[in-house]
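In the UniProt record's numbering, the protein residues as written are 1 to 75. Where a beta carbon is used, it is the ideal one built from N, C-alpha and C, also for glycine.
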Amino acid sequence: MEGIVTAFADPQGFVVLNVIPLGVPGRAVTVGCHYCRDGAWWFYNTRTGESIRPVNDTRVAAHQIRTQMEEAAAA
């Protein structure tokens with residue numbers, strides 16, 4: 001992967017983060033944030049609904065998103 005570009009957006013009144021890999025079309029991830037029943041805020045993939053990591057774990061969340069993008073690009 002050549003790198004990643006990120007951009008905040010406000011679709012439908014909710015702020016999300018678009019994570020866009022350079023040179024790999026169709027692999028962008030839109031990350032939202034939701035409150036879980038366990039009392040914690042979590043990052044999640046808005047397209048799949050998959051939880052990523054708790055919001056206080058940003059470094060691991062960023063690494064997980066990048067790793068998933070690299071694996072998808074290699075497939």
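Residue i and residue j: beta carbons closer than 9 angstroms?
i: residue 40; j: residue 55; result: yes
i: residue 17; j: residue 32; result: yes
i: residue 27; j: residue 72; result: yes
i: residue 43; j: residue 53; result: yes
Segments of 3+ residues assigned as beta strand (DSSP E) that fall wholly inside the region 14-75: 16-21, 29-35, 41-45, 51-54
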